[in-house]
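Engineer:
Number of protein chains: 2
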Amino acid sequence: MADVADRAGVSRALVSIVFRNQPGASQETRERVLRVAEEIGYRPDSAARLLARGRSRTLGVMFTVHQTFHTDLIEGIYPEAERLGYDVLLSAAAEGRSEAKAIEALLGHRCEALILLGPEADPAYLDALGQRAVTVSVSRRVPRARVDFVHSAESKGVRQAMDYLVELGHRRIVHIDGGRGPGSAERRRSYRAAMRRHGLEPEIRVIPGEHTEQSGIETGRLLLAERDRGLPLPTAVLAGNDRCAMGVLMALVRAGVEVPRDLSVVGYDDSHLSHVMPIGLTTVRQDAVLMAEHAVRFAVERLEDPQLQPREAVLDPKLVVRGTTGPPPQGAAG
Amino acid sequence: MADVADRAGVSRALVSIVFRNQPGASQETRERVLRVAEEIGYRPDSAARLLARGRSRTLGVMFTVHQTFHTDLIEGIYPEAERLGYDVLLSAAAEGRSEAKAIEALLGHRCEALILLGPEADPAYLDALGQRAVTVSVSRRVPRARVDFVHSAESKGVRQAMDYLVELGHRRIVHIDGGRGPGSAERRRSYRAAMRRHGLEPEIRVIPGEHTEQSGIETGRLLLAERDRGLPLPTAVLAGNDRCAMGVLMALVRAGVEVPRDLSVVGYDDSHLSHVMPIGLTTVRQDAVLMAEHAVRFAVERLEDPQLQPREAVLDPKLVVRGTTGPPPQGAAG
DNA sequence: GCGCTCTACTAGCGCGCTCTAGTGCGAGTA
DNA sequence: TACTCGCACTAGAGCGCGCTAGTAGAGCGC
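Chains H and F, in that order, give the protein sequences.
Quick note: the first sequence uses the UniProt record's numbering, first residue 1, plus one each step.
Quick note: the second sequence uses the UniProt record's numbering, first residue 1, plus one each step.
1) Is Tyr78(H) closer than 9 Å to Arg97(F) when the C-beta atoms are compared?
2) Along chain H, which residues have their Cβ under 7 Å away from the Cβ of Val65(F)?
3) Determine the burial state of Leu308(H): buried for a count of at least 16 other Cβ atoms within 10 Å of its Cβ, exposed for fewer.
4) Can you check which of these residues, Val296(H), Asp6(H) and Leu252(H), is closest to Glu228(H) by C-alpha distance?
5) As a quick exercise: from Leu14(F), Met62(F), Gly76(F) and Glu213(F), pick the residue whose alpha carbon is nearest that of Ala292(F).
6) For a test of the three-state rule: what should DSSP assign to His175(F), helix, strand or coil?
7) Using the three-state DSSP reduction, which class does Glu95(H) fall into: helix, strand or coil?
8) Does the pairing of the stretch 309 to 329 of chain F with the stretch 139 to 159 of chain F give three or more beta-carbon distances under 8 Å?
9) Against Met246(F), what residues of chain H qualify as contacts under a CB-to-CB distance less than 8 Å, listed in chain order?
10) Per DSSP, what kind of secondary structure is Ser137(H) in: helix, strand or coil?
11) Assuming the contact rule is C-beta atoms closer than 8 Å, Leu117(F) and Val138(F) should be a hit. Round their C-beta distance to whole Å, please.
12) Can the beta-carbon of Val248(H) be found less than 9 Å from the beta-carbon of Val276(H)?
13) Give the range of the alpha helix (DSSP H) segment to which Val18(H) is assigned.
14) Once you ignore the five residues that flank Arg172(F) on each side, which residues in its own chain have a CB closer than 6 Å to its CB?
15) Thinking C-alpha only, which one of Ile115(F), Leu34(F), Glu104(F) and Tyr86(F) is nearest Phe63(F)?
16) What are the residues of the UniProt domain "HTH lacI-type" (1 to 53) of chain F that lie near chain H, defined by any Cβ-Cβ distance shorter than 8 Å?
17) Classify residue 390(H) as helix, strand or coil using the three-state DSSP reduction.
18) Does the pairing of the stretch 97 to 112 of chain F with the stretch 321 to 331 of chain F give three or more beta-carbon distances under 8 Å?
19) Mind pulling the chain F residues with CB within less than 7 Å of Pro79(H)?
20) Assign Asp72(F) to one of three DSSP states: helix, strand, or coil.
21) When you compare the CB positions of Ala194(H) and Thr282(H), do they come within less than 9 Å of one another, or not?
22) By the 7 Å beta-carbon criterion, what residues does the stretch 212 to 235 of chain F contribute toward chain H?
23) Note down, in chain order, every chain H residue with its Cβ under 7 Å from the Cβ of Ala105(F).
24) Figure out for me which residue from Leu84(F), Leu263(F) and His211(F) has the closest Cα to the Cα of Gln67(F).
25) I'd like to check one pair, Arg110(F) with Ser26(F): are the Cβ atoms closer than 9 Å?
26) Using a 10 Å radius around the Cβ and a threshold of 16 neighbouring Cβ atoms, would you call Pro182(H) buried or exposed?
27) Determine the direct distance from the alpha carbon of His175(F) to that of Gly169(F), and round the result to whole angstroms.
28) Based on the DSSP output, what are the partners of His151(F) in its beta bridges?
29) Thr219(F) lies in the alpha helix (DSSP H); which residues open and close that run?
30) Starting from Ser91(F), find everything on chain H with Cβ-Cβ shorter than 7 Å and list it in chain order.
31) Quick check on DSSP: helix, strand or coil for Leu238(F)?
32) Listing by chain order, which chain F residues have their CB less than 7 Å from the CB of Val253(H)?
33) With burial defined as no fewer than 16 other Cβ atoms inside 10 Å of the residue's Cβ, what is the status of Ile74(H): buried or exposed?
34) Do the CB positions of Ile279(H) and Met246(F) come within less than 9 Å of each other?
35) Below 7 Å on C-beta distance, what does Leu249(H) contact in chain F?
36) Chain H partners of His170(F), CB-CB under 7 Å?
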């Protein structure tokens, strides 16, 4: 920067003004400074800038690797952040890299706000985060914590899916839940409520699971093993999310079960996955772009007005019927 | 930091020493400082740290959203970087966010080295980057640029896949290429070479495509349209990558084509996708973890010894046979 | 000529840390 | 006693910027 100032024959302060696009420099000088900078390959050092002005205008996004819905969200976060003049830093949680680690990295890089995609950390930790920095949780409700919250109305989504299945004639509908995964508790609750509402209380069955393919595969195998012991297969499976649904599909189809003839499968998320599978997955769509925009806006607005209380946005999901659902098999005492 | 120093009754310098885990402080003092820091929620500010020591010890990773193989790589990058004492920053390219933009963001955040996952930017740009910062390209060869390069031996992978298909009896094997995508040129070349080697030169057919599901779907539709006009379907498709293979599968299976009975499909990458599909995808495995480790090591070693010239690592891929391949249909004049 | 305002520009402090060159002190050695 | 040595610790400069307070000079009215 000093080099640029010298070569352009001005002070460092002027160079700073030019690079911040602030008033206080003549057009002529501006051009000269920019030209010189270009020549010697100068680019403002964001670490120093950030240190000097105290604000980083950077949003930190934590996501989980392989969670395809998260990449959908990320794609929506960038443009909205840019529109509002904020930078985005990504940090991934993965096997061997805990959410806490991923979040610490973001904080260490001076992110002013955190956008957590489907965090699974415990509420106390999230609340502590919320005290320290503006925090937005996407897809996971954190009851008494100081965090904004963006999600889709799980209950509506599940209800639509269940109504649709029941209307097709299904009765033996099982739900694979998502364990501690974001939204799981509400989906589970809504499943139970829907079963009861349709007079299917005795058929209620929640199989513990996770939001991973592996979990779906295991559940699929479990169901197959039961069948081999003479128990009937369910006629429909409501999975915790799309990945889990994929796993179920994989286990069942490989074992010769025909979907949707013998069994229907419904996912959740409408992640990228669901419409690129050979047989499109019937699923509940959450509008990733809209959710991303809300998350970014919540973060930014609260940064710019610290008085603001954390808010909650609930978006309406929509059932998307594709190829993995149909009427139950004739013989099923469904 | 000053607060911590005051409260612990030491100088700021000592606090610095403690947090850097450097010799020069007694065990007792260390504990006291750390305890105080914990109490008042102090965390070293990486912007300032970075500014002060001139080195950021941060690796910038650019990846493309939805490119599932990239998330496999990312998962491998983190532990290796941590082992070597480096931090990792992620930046995604996506629709509406060019690679250049993603890379600038990393540079702006003072990454010392860039690890580019399957970059598609033009070689001149990459070379310019290479001059400015240590740069490693993964999966994409950049001939005369000053960048390290990690990839798998495309020719070997393709050859294995082709030999396997031919051995099964396939002759009408088409290749959907990956356009400007990483590795595409070499895969295309190897496909042609393999066909010639097996005496199938007249059957050579390369359909232009991309590394996306959409491209696979379009190609699938193209093939179906040809069939409807009386032309024979190929008996096997070698896709540019797994995502493209998924797209082909989807288009064909939906149209009633049975895989692998009527047609075999081979992917490339062994990304997360390929083993979680209902019918596992036969594909060519690239060892993501190994590639990630090489990439990180190249970057770090070159950072620590600027004399070092850019290097190239070629890893052996391996054909993984799953459910989408089998002998060609009987009737096929294959 | 004076005072005023407005624009273009500069001096220099401070952001929170690292790092070099020290200081002070007790133990070991001649 | 005088000295060196090593250890625990400190003072203070400096990293590359942003920002506040200020100056110099032009233009204007009286």
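Where is the CB? At the ideal position from N, CA and C, for every residue including glycine.
Structural biologist: The answer reads as follows:
1) Their beta carbons are under 9 Å apart, which means Arg97(F) touches Tyr78(H) by this criterion.
2) By Cβ distance, chain H contributes Thr71, Ile74 and Glu75.
3) exposed
4) In the sequence on display, residue 228(H) carries Asp and not Glu. Proximity to Asp228(H) across Val296(H), Asp6(H) and Leu252(H) peaks at Leu252(H), based on C-alpha coordinates.
5) Gly76(F)
6) strand
7) coil
8) yes
9) Val276, Met277 and Pro278
10) Reduced to three states, the DSSP call for Ser137(H) is strand.
11) 5 Å
12) no
13) Arg12 to Phe19
14) Glu203, Pro234, Thr235 and Gly334
15) Among Ile115(F), Leu34(F), Glu104(F) and Tyr86(F), the Cα nearest to that of Phe63(F) is on Ile115(F).
16) The residues in question are Gly41, Arg43, Pro44, Asp45, Ser46, Ala47, Ala48, Leu50 and Leu51.
17) There is simply no residue 390(H) to check, as chain H begins at 1 and stops at 334 in what is shown.
18) no
19) Gly96
20) Collapsing the DSSP output to three states places Asp72(F) in a helix.
21) no
22) Glu213
23) Asp87
24) His211(F)
25) no
26) Buried is the call here.
27) Taking the straight line joining both Cα atoms gives about 17 Å.
28) Val314(F)
29) Glu213 to Asp228
30) Leu90
31) strand
32) Pro278 and Ile279
33) buried
34) In this structure, Ile279(H) sits away from Met246(F), with a CB-CB distance that is not shorter than 9 Å.
35) The contact set of Leu249(H) on chain F, defined by CB atoms closer than 7 Å, consists of Pro278 in chain order.
36) Within chain H, no C-beta atom comes less than 7 Å from the C-beta of His170(F); the nearest is roughly 20 Å away.
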